[in-house]
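In terms of numbering that gives the first Met the number 0, the sequence shown opens at residue 0 and continues consecutively. Note that CB positions come from ideal geometry on N, CA and C, so glycine has one too. All values derive from a computational prediction rather than experimental measurement. Before any comments, here is the structure.
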Amino acid sequence: MSWFGRLFGRPQEEDEQLDAAEEEETIFTPPVVRQRGIQLPRFQGTASDKARTGVDSKIEQIRFRLRNAFTPSRPVLDPGMFAGRRSLLTHVIRSIEDQQLHVVLFGARGIGKTSTLHILCQIAKDARYVVRYTSCGEQVHFDDMFRAVLDDIPLLYHADYEPTADEIEEGLTFSSLIGDAPLTVGQVSEILARISGTRLLIVLDEFDRVHAPEFRQQIAELIKNLSDRASRVQLVIAGVASNLNEIIEQIPSIRRNILGIPVPVMNTEELTELIRIGEKESGLRFSPEAAKLVCELANGLPYLAGLICLHSGLTALDRHNSIVSDIDVWTGVRHAFEEINLRLSPATQHQIDMAIKAGHGEDLRILTRSALRAGGLAIPDQIEESSGARNPDGVELARLANDFQLLTPLPKDPLNAYIFADEGAPLYFWMREADQRAADAIAGKRSEPLKSGGVRLARPVT
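Following this line, the structure appears as structure tokens:
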């Protein structure tokens with residue numbers, strides 16, 4: 000059953016057909032509201048995350064907990080739910096604390112940058128840093144952003160004010176020192192240079208979304224000024240990119256003041272930790288075969304691992320079992336692909352179909368696997384070298400760019416790299432291939448009895 004069917008249930012006239020199909024597959028039908036002979040879907044629980052009266056409590060408790068165990072649609076905010084990345088966090092913290100550098104984190108979408116930043120912010124707050132986190136947008140303005148930053152800093156930390164000053168007693172902030180005129184880089188630099196008794200960490204996430212060259216230039220100048228003044232302020236900037244130059248293009252004079260840190264894909268040990276944390280939180284358990292399959296299909300992306308785990312867990316619950324099997328994972332992959340399929344433009348999907356028909360299917364398999372691990376980047380001489388697979392040469396990459404508009408040459412790149420024109424294309428193609436594998440696996444096992452074990456949960460009352 001598709002995710003749409005699982006959410007909205009089935010008409011009453013299909014009940015008998017579903018009962019007949021239960022020998023092959025156990026399907027969970029959400030509770031419905033019956034009014035004047037019409038069945039409407041309803042929420043399975045209340046807004047307080049409690050199961051409705053008459054609904055089996057065991058399965059619903061696990062279902063509610065599963066929603067918080069794997070959260071692909073939002074970043075990890077709870078340090079207890081944060082898997083892996085310890086070496087990355089250590090590197091960032093030492094760069095900030097010991098070297099007093101400004102840091103640029105870059106990597107592919109879904110690699111875990113935002114989750115890492117939120118955990119970093121909590122660690123910094125524990126060390127009594129003043130922290131300002133901002134997710135950048137296309138129309139971000141320097142004045143608006145730094146008025147908000149200054150409003151977060153108590154005047155207590157200004158070097159020119161005594162702790163007993165009236166302004167301190169009133170609870171004023173640094174924003175009381177500025178007027179209504181638009182802030183300039185020079186003004187902000189001078190004000191932030193007066194911070195004393197604490198340190199300020201400014202985190203700018205999604206920096207690649209900023210299209211205004213003026214804002215990028217202002218941030219570059221601010222970094223330069225803060226470094227020249229030995230200010231107790233540091234910036235951490237993050238965005239989707241394959242290298243440092245794509246994130247900040249206008250700071251050649253301050254390269255010694257910043258450190259670019261690529262966010263790597265997760266290894267199998269880290270992905271396994273992600274699954275184990277989710278198991279503990281949800282009450283489900285993944286069989287060894289299921290956990291291994293998730294790690295393989297995730298291709299190092301925590302977003303993809305979380306998405307597959309969530310749908311796999313829901314699939315296991317739909318058949319009222321507490322253990323996720325490999326067939327649950329394959330079914331979860333199919334639901335996940337339905338989700339991802341809707342996010343890519345029909346035009347790009349058509350171009351991928353045309354490229355496959357023209358014999359470029361294997362090239363796309365190699366390129367997408369590489370691109371998901373390298374921020375969308377495709378380098379002719381370095382694609383999948385360790386795998387021993389056939390590497391598309393520059394001619395093949397050029398054909399995918401010119402004939403099918405799937406790739407775009409990266410300007411002025413010394414390695415003649417390409418990047419996918421639609422950043423969603425690599426994930427789509429990867430999951431499209433996984434979906435086909437899932438269809439074959441499910442078809443091959445449909446006639447076999449499902450080896451589940453674990454706790455068989457009672458069917459809910461509908």
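Excluding the five sequence neighbours on either side, which residues of its own chain have a C-beta within less than 7 Å of the C-beta of ARG127, listed in chain order?
THR197
Give the straight-line distance between the Cα atoms of GLY331 and LEU313, rounded to the nearest whole angstrom.
8 Å
Just to confirm my understanding: we take ILE276, look at its own chain, exclude 5 residues before and 5 after, and list those with CB closer than 7 Å. What are they?
MET80 and ALA82
Expressed to the nearest angstrom, what Euclidean distance is found between the alpha-carbon atoms of THR133 and PRO301?
22 Å
State yes or no: is the C-beta of SER152 within less than 9 Å of the C-beta of LEU199?
Correcting the residue type first, residue 152 is Ile in the shown sequence and not Ser. Yes, Cβ-Cβ distance for ILE152 and LEU199 is below 9 Å.
Rounded to the nearest angstrom, what separates LEU270 and CYS294 at their Cα positions?
6 Å
With a cut-off of 8 Å, do at least 3 Cβ pairs link the region 60-67 to the region 222-235?
no
By alpha-carbon positions, which one of SER188, LEU309 and PRO162 ends up nearest to VAL148?
SER188
In terms of alpha-carbon separation, which member of SER311, ASN401 and THR347 lies closest to ALA437?
SER311
Can you give me the start and stop residues for the beta strand (DSSP E) that PRO345 sits inside?
Run containing PRO345: none in the beta strand (DSSP E); it sits in the alpha helix (DSSP H), 345-354.
Leaving aside the five residues before and after LEU303 along the sequence, list all residues of the same chain whose C-beta is less than 6 Å from its C-beta, in chain order.
ALA297
So what's ILE418 in DSSP terms, helix, strand or just coil?
strand
Mark SER175 as exposed unless 16 or more other C-beta atoms lie within 10 angstroms of its C-beta, in which case mark it buried.
exposed
Nonlocal neighbours in the same chain, by C-beta distance under 6 Å from MET265, ignoring five residues either side
GLY83, GLY299 and PRO301
Expressed to the nearest angstrom, what Euclidean distance is found between the alpha-carbon atoms of SER386 and LEU376?
Residue placement at SER386 is poorly supported in this model, since its pLDDT is 44, which falls under 50; the coordinates are not used for a value here.
Are the beta-carbon atoms belonging to LEU203 and LEU171 less than 9 Å from one another?
no
Along the chain, where does the alpha helix (DSSP H) that runs through VAL187 open and close?
184-191
Determine the closest residue to GLY462 out of VAL102, ASN415, TRP329 and PRO408, with distance taken between C-alpha atoms.
As displayed, the chain neither begins before 0 nor continues past 461, which places residue 462 out of reach and without an answer.
Candidates LYS291, LEU283, SER281 and LEU316, of which the one nearest THR267 by Cα:
LYS291
When HIS140, ARG131 and GLN60 are compared against PRO212, the one with the closest alpha-carbon:
HIS140
Can you give me the C-alpha to C-alpha distance between VAL130 and LEU104, rounded to a whole angstrom?
17 Å
Could you name the residues of the same chain whose beta carbon sits closer than 6 Å to that of ASP327, not counting the 5 residues immediately before and after it, in chain order?
SER311, THR314 and ALA315
Taking all protein chains shown into account, do 16 or more other C-beta atoms lie within 10 angstroms of the C-beta of LEU341, making it buried, or fewer, making it exposed?
exposed
According to DSSP, GLY238 sits in a beta bridge with which residue or residues?
PHE105
Three-state secondary structure (DSSP) of PRO301:
helix
Close Cβ partners of PRO78 (< 7 Å) along its chain, the five nearest in sequence each way excluded
ILE118 and GLN121
Which residue wins for smallest C-alpha separation from GLU59, given the options THR113, ALA158, ARG318 and THR163?
ARG318
Got a sec: is the Cβ-Cβ distance from LEU221 to anything in chain C below 9 Å?
No chain C is present in this structure, which holds just one protein chain.
With which residues is ASP204 paired in a DSSP beta bridge?
SER134
What do you reckon, are the CB atoms on PRO408 and ALA400 nearer than 9 Å?
yes
Sort out for me which residues DSSP pairs PHE285 with in a bridge.
VAL323
Could you check which residue in SER321, VAL184 and GLY136 has the C-alpha nearest to that of ARG208?
GLY136
Would you kindly check if the distance between the Cβ of LEU366 and the Cβ of PRO425 is under 9 Å?
yes
Tell me, please, which residues DSSP counts as bridged to ILE257.
HIS101
Using CA atoms only, rank isn't needed, just tell me which of GLN98, ASN320, HIS90 and MET144 is closest to THR115.
HIS90
Since LEU88 and LEU258 are thought to touch, with beta carbons under 8 Å apart, how far apart are those beta carbons, to the nearest angstrom?
Wrong, their Cβ atoms sit about 14 Å apart, outside the cutoff.
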